[in-house]
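Undergrad: Have a look at this one before I ask anything.
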Amino acid sequence: MNTIVTTADDQTQVDQAIFRNVAGHFASGVAVVTTAVDGVPYGTTVSAVSSLSMDPPMMLVCLNRSSNTHDQVKKSHTFAISVLSSDQADLAYRFAGKG
Numbered sequence: 024m025n026t027i028v029t030t031a032d033d034q035t036q037v038d039q040a041i042f043r044n045v046a047g048h049f050a051s052g053v054a055v056v057t058t059a060v061d062g063v064p065y066g067t068t069v070s071a072v073s074s075l076s077m078d079p080p081m082m083l084v085c086l087n088r089s090s091n092t093h094d095q096v097k098k099s100h101t102f103a104i105s106v107l108s109s110d111q112a113d114l115a116y117r118f119a120g121k122g
């Protein structure tokens with residue numbers, strides 16, 4: 024199992040109340056995980072996302088090791104999670120390829 028640990032600098036701090044509110048609204052669903060390496064964007068659709076810690080605010084996301092996005096997240100050491108609403112199925116399908 025690979026573990027990527029990142030630390031946030033002072034400019035990227037997350038308000039705990041906002042984090043709790045967002046994490047609490049994602050009981051289950053679909054999200055898109057994205058990253059960029061050398062200016063090239065990568066992304067994949069995921070359903071395994073959960074809040075991990077409130078202090079510091081952390082999220083857990085599970086990526087298939089065969090996913091190209093997995094490899095790029097390892098290189099960049101950063102990623103974003105975009106929680107999709109029910110009317111964003113087109114985005115879920117767009118990123119649902121091999122990732």
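Using our numbering, the first residue of the sequence shown is number 24, and each one after it goes up by one. Ideal Cβ placement from N, Cα and C applies to all residues, glycine included. On a predicted model such as this, the values are computed, not experimentally measured, just so you know.
My understanding is that Val37 touches Val56, with C-beta atoms under 8 Å, so please give their C-beta distance in whole angstroms.
TA: Going by Cβ atoms, the distance from Val37 to Val56 rounds to 17 Å, so no, they are not a contact pair.
Undergrad: Whole-angstrom Cβ separation of Ser73 and Leu86, contact assumed at under 8 Å?
TA: In fact, because the Cβ distance is near 14 Å, the residues do not count as touching under 8 Å.
Undergrad: Restricting to Cα atoms, I'd like to know which of Arg117, Leu75, Phe118, Arg88 is closest to Ala46.
TA: Leu75
Undergrad: Looking only at its chain, what residues have a beta carbon closer than 6 Å to the beta carbon of Gly122, apart from the 5 residues adjacent to it on each side?
TA: With a pLDDT of 48 at Gly122, under the threshold of 50, the modelled position of this residue cannot be trusted; read the value that follows with caution. Cβ within range, chain order: Thr67, Ser90, Asn91, Thr92.
Undergrad: Following the continuous alpha helix (DSSP H) through Ala112, name the residue where it begins and the one where it ends.
TA: Note, Ala112: alpha helix (DSSP H), 112-117.
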